[in-house]
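Have a look at the structure below before the remarks.
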Amino acid sequence: QLFVPISLELLCFMLAGMIDTMMLSAVNNDAVGAVGTANTYIGMFIIMFSVITSGMTAVMTQYIGAGREGVAHRARQIGLAFNLAIGLILACVLFFGAEVILETMGIAPLLKEYAKTYLQIVGGACVLNAMIPLFSNYLRAFGHTKAPMVGTIAANIVNLVLNAVFLFGFKWGVAGVAWATVISRVVNLSIVVIASKKYVQVKESEE
């Protein structure tokens, strides 16, 4: 019950980047390199959010095991506030400082504009990356593993469809792939937030 949903969720998460790369390569090879470079920096922040979320999950599971679910709920609220604050700060840094970051890292001039576009759009929405693992782990801590899996699968489908529409229909190039990624993450976040409200009926007062 735990292994299959979590494995499928991780598989879909890894496939999302591969699908973006494959579809973008059909349009522009330089853009593929630029997106890969931009994703390297975004991935560093995703790891940071995952570390914070893992700490929150460890605290939650301890209190859930002790029968103090209200304290576990408060741990999620603290993690939510912390991730949200850091996510908003990093979103501003990546959006307004994309060009400076890329120049500092010595990106090739040919890739710079593509990478800047992607970093500003996807990096500017990195607060979504801060929220998704938090709500997903909150659900898992209470034994609800299917909802995060459904959210990831739905996001992948949305990403695939929008990539096709934005790339081959509207000819938006890197910007299209970036917006498809952002919209798919909004879908993912919406699903796990709704699921957490539906399946986990815990209040702070419940000690």
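Take the sequence shown: its letters are residues 14 to 220, numbered as in my numbering.
Cβ atoms here follow ideal geometry from the backbone N, Cα and C, with glycine treated the same way.
Original post:
Roughly how many angstroms separate the alpha carbons of Val178 and Gly110, rounded to a whole number?
Top reply: 29 Å
Original post:
Under a Cβ-count criterion, where at least 16 other Cβ atoms within 10 Å of its own Cβ denotes burial, should Leu152 be classed as buried or exposed?
Top reply: buried
Subject >> Expected contact under 8 Å - CB spacing of Gly186 and Val40 to nearest Å >> reply: 6 Å
Subject >> Ala167 versus Asn201 - alpha carbon distance >> reply: 7 Å
Original post:
How would you label Ser197, buried or exposed, when you count the other beta carbons within 10 angstroms and need 16 or more for buried?
Top reply: buried
**OP:** Out of Gln90, Phe58, Ser209, state which residue places its alpha-carbon closest to the alpha-carbon of Met69.
**Re:** Gln90
Subject >> Alpha carbon of Ala47 to alpha carbon of Thr53, nearest angstrom >> reply: 10 Å
Original post:
Would you call Thr117 buried or exposed, if buried means 16 or more other Cβ atoms sit within 10 Å of its Cβ?
Top reply: exposed
Original post:
Residues in its own chain within less than 6 Å of Met144 by CB, not counting five upstream and five downstream?
Top reply: Leu202
**OP:** Report the three-state DSSP secondary structure of Phe109 (helix, strand or coil).
**Re:** helix
Original post:
Exposed or buried, Ile207, counting other C-beta atoms within 10 Å across all chains shown (16 or more means buried)?
Top reply: exposed
Original post:
So does the stretch 123-141 actually touch the stretch 65-79, counting three or more Cβ pairs closer than 8 Å?
Top reply: no
**OP:** Please confirm if the stretch 84-104 is in contact with the stretch 156-164, defined as three or more CB-CB distances below 8 Å between the two stretches.
**Re:** no
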